[in-house]
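Data block below; observations after.
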Amino acid sequence: EPEVTQTPSHQVTQMGQEVILRCVPISNHLYFYWYRQILGQKVEFLVSFYNNEISEKSEIFDDQFSVERPDGSNFTLKIRSTKLEDSAMYFCATLGGAGADTQYFGPGTRLTVL
Amino acid sequence: GDSVTQMEGPVTLSEEAFLTINCTYTATGYPSLFWYVQYPGEGLQLLLKATKADDKGSNKGFEATYRKETTSFHLEKGSVQVSDSAVYFCALRGVYNQGGKLIFGQGTELSVKP
């Protein structure tokens, strides 16, 4: 069964550093999402991406965050200057075309900011 | 705005016990409702879904009925197994949600003892 993959599985970084989290969506899926889960809290929506542009973003997704699909396969989340409070599990999810209603999630990247 | 509320965990049951995890929602119109499960060290997997009132979603012995009158989507299983130990998330996708984002409850941890 096709699956969403994410790399790395765990990233440790110093506060103020840039990180890039990578996701490989299921082939032929058109909608892409990033969510995050701070330890012990609920899963929160960050951003949705369709047709090479952001379709919706949450209040969390401020100017330090960006997303892109640089090569038609990977879908990346960049955090320009990490803060301690960015420490969380980051999940990528993908959705098929129009009419599809099931998002498929990757295993997540655990980001630890020191 | 739209929101989901789940019962607090952790829930600890003996094998073969009956399981109920409560989920209620607030949303305009008729959102689509989902239960996702997260096994230790893994990403979120869709367990079941319902897209209109009175629909019953079912999978692997779990079921949930979309109740518009009580705005609820409670998860049930008649006889749990040790392998059902995981965190369960209730989620909705709003009707007026252009990007298709999911809104999650806080998750309920289930621990099944032999």
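Chains as they are written, first to last, in my numbering: chain A, 2 to 115; chain B, -3 to 110. Quick reminder that beta carbons are idealized off the backbone N, C-alpha and C, glycines included.
Can you grab the Cα-Cα spacing for the pair Gln65(A) / Gly100(A), in whole Å? Translated into the one-based positions of the first sequence, residue 65(A) becomes position 64. Translated into the one-based positions of the first sequence, residue 100(A) becomes position 99. If I take the Cα positions, the gap works out to 32 Å.
Any beta strand (DSSP E) of 3 or more consecutive residues that is wholly inside the segment -3 to 32 of chain B: -1 to 2, 7 to 10, 15 to 17 and 19 to 22
Ordered list of beta strand (DSSP E) runs contained in the segment 7 to 50 of chain A, each at least 3 residues: 11 to 14, 20 to 25 and 32 to 38
May I ask you to report which of helix, strand or coil DSSP gives Glu38(B)? In the second sequence, residue 38(B) corresponds to position 42, counting from 1. Here Glu38(B) sits in coil by DSSP.
Would you say Glu57(A) reaches chain B, if we count a Cβ-Cβ gap shorter than 8 Å as a contact? For the purposes of this step, residue 57(A) is taken as the residue at position 56 of the first sequence. It does; some Cβ of chain B falls within 8 Å.
Look at the alpha carbon of Arg23(A) and the alpha carbon of Gln102(B), and state the distance between them as a whole number of angstroms. Position 22 of the first sequence, counting from 1, holds the residue named residue 23(A). Position 106 of the second sequence, counting from 1, holds the residue named residue 102(B). Approximately 25 Å, taken between the alpha carbons.
Can you pull the chain A neighbours of Thr47(B), defined as C-beta to C-beta under 9 Å? As a working mapping, residue 47(B) is identified with position 51 in the second sequence. Going along chain A in sequence order, the residues near Thr47(B) (Cβ under 9 Å) are Asp102.
Please decide whether Phe100(B) counts as near chain A, where near means a Cβ-Cβ distance under 8 Å. Within the second sequence, numbered from 1, the residue matching residue 100(B) stands at position 104. Output row for Phe100(B): interface = yes.
I'd like to check one pair, Gly96(B) with Tyr105(A): are the Cβ atoms closer than 8 Å? Taking the first sequence and counting its residues from 1, one reaches residue 105(A) at position 104. Taking the second sequence and counting its residues from 1, one reaches residue 96(B) at position 100. No, the pair does not count as a contact, with Cβ atoms beyond the cut-off.
Find the residues of chain A that neighbour Lys97(B), judging by a C-beta separation of less than 7 Å, and give them in chain order. Along the second sequence, read from residue 1 onward, the residue named residue 97(B) stands at position 101. Neighbours of Lys97(B) on chain A, chain order: Tyr34, Phe46, Ser49 and Glu57.
Quick check on Leu88(B): does DSSP put it in helix, strand or coil? Counting from one through the second sequence, the residue named residue 88(B) turns up at place 92. It is a strand residue.
Assuming contact is defined by CB atoms lying nearer than 8 Å, are Ile21(A) and Lys79(A) in contact in what I supplied? Start at 1 with the first residue of the first sequence, and residue 21(A) comes out as number 20. Start at 1 with the first residue of the first sequence, and residue 79(A) comes out as number 78. Yes.
Within 8 Å, strictly: CB atoms of Thr16(B) and Gly90(B): The residue labelled residue 16(B) in the question sits at position 20 within the second sequence. The residue labelled residue 90(B) in the question sits at position 94 within the second sequence. No, they are not a contact pair.
Considering only residues of the segment 74 to 115 of chain A, which uninterrupted beta strand (DSSP E) runs meet the minimum length of 3 residues and lie entirely inside it, listed in chain order? 76 to 80, 89 to 96 and 110 to 114
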